[in-house]
Structure formats: C-alpha cells, structure tokens
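Trainee:
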Amino acid sequence: MIHKLSVLLLLTCLNITFSCRKVAVELKANPPQEHEGIERQPQPFGTNLSGAEFGSNVPGQHQQDYSYPLVTDLDYFKSKGMRLIRLPFKWERVQPQLNGPLDPVELKRITDFIDAASQRDMLIIPDVHNFARRIVNGKPEIIGTTAVPTAAFVDFWAKLTEILKEKDNIWAYGIMNEPYAMPSGNAWFNIIQEVITKIRTIDTKTTILVAGDSYSSAQRWPNVSDNLKNLVDPSNNLIYEAHVYFDNTSGGVYDESYDDEKATPQTGVERIKPFVEWLKTNKKRGFIGEYGIPDDDSRWLVVLDNMLQHMKDNCINGTYWSAGPRWGTYRLAIQPRNGQDRPQMQVLKNYLETDPEKCR
C-alpha cells in the first residue's frame with residue numbers, strides 16, 4: 001500500500017524547501033484517571049509542525065536535510081487558536097549511537113522549540129517519527145531485533161524523559177509514530193510496555209501516548225491494536241493514538257480525484273468509528289494524531305468537518321497533518337502561502353478544543 005510516508009520521503013529527498021501553561025501544570029499535578037474514559041478538562045486541537053523528521057540521510061545536515069519549525073510558525077497557529085503542536089523528529093538525530101548520550105546540539109533544538117511554545121502558552125507532543133524502526137548501517141531495522149534491541153529504545157526514552165520531565169508544557173510523550181509490519185501481534189505491545197514501565201520510574205505525571213499498530217489505523221484498530229488495552233501504567237495515564245486519512249487506500253497520498261478515491265461526506269466518520277467505539281467499550285481516552293485533506297476540492301472540507309465534529313462529540317482531540325516551512329506545494333499542508341491561509345483552515349478554525357460537558 002502506498003502510504004504518506006512515501007510522499008514524505010520523496011519530498012525530503014527533493015529537499016523541498018491547548019490549554020495554557022497553567023492548565024498543563026494542573027494536569028501534571030492531577031493527571032486524569034484513564035478508567036474514566038473522558039477527560040475532565042477540555043483538550044486542545046492543533047497541528048503537526050514538520051521539518052525535523054525530514055530527510056532519509058541520518059543524522060544528516062541541519063538546514064539542508066532537515067530543519068525545525070520556526071517560532072513564527074508557532075505565532076501563526078496560536079493566532080488561529082491552535083494550542084497543541086505535535087513535533088516529529090528522528091531518533092537517530094537525537095541519539096546518534098544506540099545506548100549513547102543524547103546529542104546536545106540536537107537536544108537543544110528540541111528544547112528551544114518547546115520553550116518557545118511554552119512562552120506562547122502552547123503545548124507540545126514530542127513525536128519520535130521512526131515507524132518502530134531505526135536506520136542501522138543504512139538499513140531500517142525494526143525495534144526488538146538484534147540490530148535494535150528493545151532495551152536500546154527504552155534507554156533512549158529514559159534519557160529523553162530525564163530532560164523533558166522538567167518542561168511544564170509537554171501535553172504527552174509521543175513514544176513512536178506509526179508502528180507497522182511488526183514481526184508478531186504482540187511485538188509492539190511488548191516494546192511499549194517496557195517503555196511505559198521505565199518512564200514511570202522517572203516521570204509519574206506526564207501523559208504517555210500509545211500509538212496503534214498498522215500505521216496506527218483508526219479503521220483497523222480493533223483488529224490490529226486491541227491488545228494495547230492490556231497495557232499497565234502505574235500512573236494510569238495513557239492516551240491511545242490513532243491516525244486516519246480519507247483516500248481509497250487510507251494512506252494519505254490522495255493521488256486520485258475525490259470521486260476516484262470513492263470518498264463520501266461520511267468517509268472520515270466511518271473510518272474513525274471503530275476506534276471511537278473501542279475507546280468507549282474499553283473506557284480508554286483517545287487522540288487522533290494525524291488526519292489531512294488535499295486543498296484542491298472543497299468536498300474534502302465536508303469530510304474533514306464531519307469527522308472533527310464526531311471527534312468533538314466523543315471528546316477526542318487531534319492534530320492535523322501537517323504544517324511547517326519545508327512542505328512547498330504539498331496539497332495537505334496548512335502552512336500559509338504568501339501570507340494567505342490554506343483552504344483547510346476554514347474548517348480547522350472551528351475545532352479548537354473538546355467540550356467534556358457535552359460528551360459524557
């Protein structure tokens with residue numbers, strides 16, 4: 001299946017160039033109990049800000065192979081009412097050697113961005129955008145193999161948590177983006193359980209995001225990620241993260257027209273329903289970390305609007321895919337062009353936070 005990952009790699013190879021801070025502190029001091037299923041506090045919607053995850057060359061050269069979003073990007077999305085930013089980056093750049101120290105220069109780029117967001121009362125999801133893999137000798141190797149032992153991934157998160165636990169505007173730890181094609185049905189469960197257990201020896205308060213298997217598919221969640229309901233968190237503070245796209249393959253490529261993609265106004269709602277119902281059945285909290293539409297057919301706006309309303313009706317917030325200054329003419333991007341809002345913002349501006357009182 002062609003996936004948006006292919007688009008990301010192509011673009012990078014071509015080098016195409018919220019609650020407020022006080023609420024974040026309160027949530028850390030009084031983390032919501034997972035078994036309640038619904039947050040007691042309104043939760044923010046927002047966007048991914050891409051750039052740091054770009055480039056197939058790792059670690060690569062900063063400002064050439066990849067770059068971080070800018071404070072002006074934060075200013076723009078804050079002006080639109082978005083307060084939650086998912087910040088994708090590559091593991092290999094932050095920790096160049098397995099089990100080695102974190103790179104101080106790369107780490108400072110991340111923490112400087114987090115601090116800039118904090119100054120603007122915006123929340124951050126640090127997102128390890130590695131698809132449950134790491135490049136070793138030029139080849140992607142799955143976590144949990146001899147080449148990339150689970151213990152090495154646990155080591156990375158232990159070291160990163162020691163730094164990030166002091167930040168008061170981390171909405172949640174994004175442990176891993178879109179695991180897929182794992183060697184067994186329990187492989188991802190076992191990996192993330194070890195990470196959760198280790199993080200809780202260092203940080204008992206920050207929420208942990210649990211990405212689903214099979215590209216975090218919302219549509220296939222009950223079939224591919226059901227076992228994640230059995231994860232044990234000593235702090236009882238997990239949120240489950242799904243992703244969804246509306247093209248015919250669900251891959252986020254949108255290489256055909258609206259009609260040829262066989263979309264309908266309810267495509268988005270239908271694709272997230274399995275995830276939403278799973279959350280309800282298991283009394284879990286949910287988040288949709290990626291969803292996006294092309295900018296060239298207004299019918300996609302209706303699909304997005306209907307899905308976001310269904311999310312809000314069920315107290316599920318999310319982050320749009322994507323924004324950031326390196327996207328160029330990528331049709332899903334909501335980075336403003338020539339000072340003008342992208343069409344998708346017509347819908348996104350209407351969904352800024354959940355309303356727990358209306359979806360209990």
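For the sequence shown, counting from 1, position 142 maps to 142 in my numbering; every step adds exactly one.
Positions of the beta carbon are idealized from the N, C-alpha and C atoms, including for glycine.
This one's a predicted model, so the numbers in the text were calculated from it and none came from an experiment.
1. Which of the three DSSP states is assigned to His310 in this structure?
2. Would you mind stating whether Gly324 and Pro69 have Cβ atoms separated by less than 8 Å?
3. Starting from Tyr215, trace the alpha helix (DSSP H) both ways and give me its first and last residue.
4. Please classify Glu353 as buried or exposed, where buried requires at least 16 neighbouring CB atoms within 10 angstroms.
5. Where do the N-terminal and C-terminal ends of the beta strand (DSSP E) with Arg326 fall, by residue?
6. If you follow the beta strand (DSSP E) that Ala242 is part of, which residue opens it and which one closes it?
7. Residues bridged to His129 by DSSP?
8. To the nearest whole angstrom, what separates the beta carbons of Ile369 and Phe89, a pair I think is in contact under 8 Å?
9. I'd like to know whether the C-beta atoms of Ser235 and Arg200 end up nearer to each other than 8 Å.
10. Could you tell me the alpha carbon to alpha carbon distance between Tyr254 and Glu92, rounded to whole angstroms?
11. Have a look at the DSSP bridge pairing and note the partners of Tyr173.
12. Can you tell me the Cβ-Cβ gap for Ala218 and Val195, rounded? I've got them flagged as a contact below 8 Å.
13. Output yes or no for whether 8 Å exceeds the beta carbon distance between Phe287 and Gly318.
14. Three-state secondary structure (DSSP) at Gln340?
15. Going by the DSSP bridge assignment, what does Pro88 pair with across the sheet?
16. For Gln193, which residues from the same chain have a beta carbon less than 8 Å from its beta carbon, with the 5 sequence-adjacent residues on both sides left out?
17. State the Cα-Cα distance for the pair Gln119 and Ile316, rounded to the nearest angstrom.
18. How many angstroms separate the CA atom of Thr264 from the CA atom of Phe275?
19. Have a look at Ser79, Leu238, Ser50, Phe131 and flag the residue whose alpha-carbon is nearest the alpha-carbon of Asp213.
20. Output the distance between the C-alpha atoms of Ser216 and Trp188, rounded to the nearest integer angstrom.
21. With respect to the beta strand (DSSP E) encompassing Glu290, which residues constitute its N-terminal and C-terminal limits?
22. From this set, Gln309, Ile143, Ile163, which residue's C-alpha is nearest Pro104's C-alpha?
23. Using CA coordinates, which residue listed in Trp278, Asn248, Leu160, Ile202 is at the minimum distance from Ile239?
24. Which residue marks the beginning of the beta strand (DSSP E) containing Thr47, and which one marks its end?
25. Do you know offhand how far Tyr258's Cα is from Gly339's?
26. By Cβ distance, which residues of its chain are closer than 6 Å to Leu27, with the 5 residues on each side in sequence left out?
Mentor: In short:
1. Here residue 310 corresponds to residue number 310 of the sequence shown, with the count starting at 1. Shown here, His310 sits in a helix according to DSSP, grouped into three states.
2. For the purposes of this step, residue 324 is taken as the residue at position 324 of the sequence shown. For the purposes of this step, residue 69 is taken as the residue at position 69 of the sequence shown. It is a contact, given that the beta carbons lie within the stated cut-off.
3. Within the sequence shown, residue 215 is the residue found at index 215, counting from 1. In this chain, the alpha helix (DSSP H) harbouring Tyr215 covers 213-216.
4. What you label residue 353 is simply residue 353 of the sequence shown in a count that begins at 1. Looking at its Cβ environment, which holds 16 or more other Cβ atoms inside 10 Å, Glu353 is buried.
5. To locate residue 326, count along the sequence shown from 1; it is residue 326. Premise fails: Arg326 is in no beta strand (DSSP E) and is neither H nor E.
6. For this step, residue 242 is matched to residue 242 along the sequence shown. Counting along the chain, the beta strand (DSSP E) containing Ala242 begins and ends at 238-243.
7. As a working mapping, residue 129 is identified with position 129 in the sequence shown. According to DSSP, which records beta bridges pairwise, His129 is partnered with nothing at all.
8. Residue 369 is absent from the model: the chain starts at 1 and stops at 360.
9. Counting from one through the sequence shown, the residue named residue 235 turns up at place 235. Counting from one through the sequence shown, the residue named residue 200 turns up at place 200. Yes. Within cutoff.
10. Counting from one through the sequence shown, the residue named residue 254 turns up at place 254. Counting from one through the sequence shown, the residue named residue 92 turns up at place 92. Tyr254 and Glu92: Cα-Cα distance of roughly 29 Å.
11. For the purposes of this step, residue 173 is identified with residue 173 of the sequence shown, where counting begins at 1. Answer is Ile208, bridged to Tyr173.
12. Position 218 of the sequence shown, counting from 1, holds the residue named residue 218. Position 195 of the sequence shown, counting from 1, holds the residue named residue 195. In fact, because the Cβ distance is near 22 Å, the residues do not count as touching under 8 Å.
13. Walking along the sequence shown from the start, residue 287 turns up at place 287. Walking along the sequence shown from the start, residue 318 turns up at place 318. Cβ distance < 8 Å, so Phe287 and Gly318 count as in contact.
14. Within the sequence shown, numbered from 1, the residue matching residue 340 stands at position 340. Gln340: strand per DSSP, three-state reduction.
15. The residue labelled residue 88 in the question sits at position 88 within the sequence shown. In DSSP, Pro88 forms a bridge with Asp127.
16. Here the question's residue 193 lines up with position 193 in the sequence shown. The answer, listed in chain order, is Leu231, Val232.
17. Here the question's residue 119 lines up with position 119 in the sequence shown. Here the question's residue 316 lines up with position 316 in the sequence shown. If you take the alpha carbons of Gln119 and Ile316, they lie about 26 Å apart.
18. Counted from its first residue, the sequence shown places residue 264 at position 264. Counted from its first residue, the sequence shown places residue 275 at position 275. The alpha-carbon of Thr264 is positioned some 19 Å away from that of Phe275.
19. Working through the sequence shown from its first residue, we reach residue 213 at position 213. Closest by alpha carbon: Phe131.
20. Locating residue 216 in the sequence shown gives position 216, where the first residue counts as 1. Locating residue 188 in the sequence shown gives position 188, where the first residue counts as 1. Answer to the nearest angstrom: the Cα atoms are 11 Å apart.
21. Working through the sequence shown from its first residue, we reach residue 290 at position 290. First-last of the beta strand (DSSP E) with Glu290: 286-290.
22. Numbered from its first residue, the sequence shown carries residue 104 at position 104. Nearest C-alpha to Pro104: Ile163.
23. By one-based count along the sequence shown, residue 239 stands at place 239. For the residues Trp278, Asn248, Leu160, Ile202, the minimum Cα distance to Ile239 belongs to Trp278.
24. As a position in the sequence shown, residue 47 is number 47, starting the count at 1. Thr47: member of the beta strand (DSSP E) spanning 46-49, first to last residue.
25. The count along the sequence shown starts at 1 and reaches residue 258 at position 258. The count along the sequence shown starts at 1 and reaches residue 339 at position 339. Their Cα atoms are separated by approximately 27 Å.
26. Translated into positions along the sequence shown, residue 27 becomes position 27. Residue placement at Leu27 is poorly supported in this model, since its pLDDT is 46, which falls under 50; the coordinates still yield a value, given next. Its chain contains no residue whose beta carbon lies nearer than 6 Å to that of Leu27 once the 5 sequence neighbours on both sides are disregarded.
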